[in-house]
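Student:
Residue numbers (my numbering): 211 to 479.
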C-alpha cells in the first residue's frame, strides 16, 4: 500500500455527473426539550404569585385610598348627624333647665321675703339687746324712766303677768341693782310684755316690746308699733286718771303678788 504522503500528492479524478444536483441537506437543529408538567406548574405558580402580589399591592393602595375617602365622607355625615342630634338634645335640655330656673326665680322674692325678714330681725336683735331679757337692757330702761321723772324717794313698780314673776324676780333681786323695785302682778298684761311704772309713767321692757322696737327700727312692723303706742297711751291715760289712788294702789298690787308667793317681802328690793 502506498504511504500517506503519496496519497496526499495524488488527485483523484472523477468523471463529471450528468445527474441533477442533490438537494442540500437540512441543517442540523438542536433537539427541543419540552417542559415537564412539574415545570409548567412551577411557572404557572410563579406567574400567579407575581401577578397576585402586584395586583394585591395595587388594589390595596387603590382600595385604601377609596376606602379612606368613602369612610371619611361617611363618618363625616354620620358624625355630623349624631353631633347635630346631640347638640339639639343638649340645647333642649339647657332650654328646659333655663325655663325651670326662670320659673323658680319668679317666686323667689316671695319665698325669701319672710326668711330674710326674720334673718334681718335676728341680726338686729343680737346687735341691739338680744332676744332674751338681760340685766343691762332692764337697767337702761329703768334709768331712762328715772331720768324722765327724777324725783327722789318715788316708788318704782314692775307690772307683769303671774307666770313671768320668777324670771323677773332674779333680775330685780340682783344686789347691784341701783334702785328698789316692787313687782305688781296684773293678768291684763299681755304675754311677753312687762311695764316699769313710776308716777304715772310707764315703759314696756318686755320681750315683745323689744322685738317691736327692733322691727320698727328696721321698718318691718310699723302697724304693730302704732298699735303699741295706742295701747300705751290708753294705759297711761288710765294711770293718770287714777293717780289720786297712788298711795293705796301699790299695796293692793303687792297683796296680789303675795298671793302667788307667800314670801311677799322677797318681792321687794
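We treat Cβ as the ideally placed atom computed from N, Cα and C, and that holds for glycine.
Helix, strand or coil: how does DSSP classify residue 366 here?
Tutor: Locating residue 366 in the chain shown gives position 156, where the first residue counts as 1. Looking at residue 366 - three-state DSSP - the assignment turns out to be coil, as it is neither helix nor strand.
Student: Cβ of residue 404 within 8 Å of Cβ of residue 374?
Tutor: Translated into the one-based positions of the chain shown, residue 404 becomes position 194. Translated into the one-based positions of the chain shown, residue 374 becomes position 164. Contact: yes.
Student: Would you kindly check if the distance between the Cβ of residue 366 and the Cβ of residue 408 is under 8 Å?
Tutor: Your numbering for residue 408 matches position 198 in the chain shown. Your numbering for residue 366 matches position 156 in the chain shown. Taking 8 Å as the Cβ cut-off, residue 408 and residue 366 qualify as a contacting pair.
Student: Buried or exposed, going by whether 16 or more other CB atoms sit within 10 Å of the CB of residue 296?
Tutor: Numbered from its first residue, the chain shown carries residue 296 at position 86. So residue 296 ends up on the exposed side.
Student: Looking at the unbroken alpha helix (DSSP H) that takes in residue 377, where does it start and where does it end?
Tutor: In the chain shown, counting from the first residue as 1, residue 377 sits at position 167. That run of the alpha helix (DSSP H) goes 375–382.
Student: Which same chain residues end up closer than 6 Å to residue 224 when comparing Cβ atoms and leaving out the 5 residues on each side of it in sequence?
Tutor: Taking the chain shown and counting its residues from 1, one reaches residue 224 at position 14. For residue 224, where only same-chain residues beyond five positions count, there are no Cβ hits under 6 Å.
Student: Beta-carbon within less than 7 Å of residue 286's beta-carbon, same chain only, minus the 5 sequence neighbours each way: which residues are those?
Tutor: On the chain shown, position 76 is the one that residue 286 refers to. Residues of the same chain with a CB within less than 7 Å of the CB of residue 286, apart from the 5 flanking positions on each side, do not exist.
Student: Which word fits residue 304, buried or exposed, when buried means at least 16 other C-beta atoms lie within 10 angstroms of its C-beta?
Tutor: As a working note, residue 304 is residue 94 in the chain shown. Exposed: under 16 other Cβ atoms inside 10 Å.
Student: Just the Cα atoms here: how many angstroms apart are residue 411 and residue 325?
Tutor: Here residue 411 refers to the residue found at position 201 when the chain shown is read from its first residue. Here residue 325 refers to the residue found at position 115 when the chain shown is read from its first residue. The straight-line gap from Cα to Cα measures roughly 37 Å.
Student: Could you check the C-alpha separation between residue 221 and residue 240 for me, to the nearest Å?
Tutor: Taking the first residue of the chain shown as position 1, residue 221 is located at position 11. Taking the first residue of the chain shown as position 1, residue 240 is located at position 30. Taking the straight line joining both Cα atoms gives about 37 Å.
Student: If I'm right that residue 399 touches residue 370 with Cβ under 8 Å, what's the distance once you round it to whole angstroms?
Tutor: As a working note, residue 399 is residue 189 in the chain shown. As a working note, residue 370 is residue 160 in the chain shown. Sure, about 6 Å apart at Cβ, within 8 Å.
Student: Would you give the residue range spanned by the beta strand (DSSP E) that residue 405 belongs to?
Tutor: In the chain shown, residue 405 corresponds to position 195, counting from 1. From DSSP, the beta strand (DSSP E) with residue 405 extends over 405–408.
Student: For residue 232, collect the residues of the same chain with a Cβ closer than 6 Å to its Cβ; drop the 5 residues on either side in sequence, then sort them by chain order.
Tutor: Here residue 232 corresponds to residue number 22 of the chain shown, with the count starting at 1. The answer is none, since no qualifying residue turns up.
Student: According to the Cβ coordinates, are residue 379 and residue 393 closer than 8 Å?
Tutor: Here residue 379 corresponds to residue number 169 of the chain shown, with the count starting at 1. Here residue 393 corresponds to residue number 183 of the chain shown, with the count starting at 1. Their beta carbons are under 8 Å apart, which means residue 379 touches residue 393 by this criterion.
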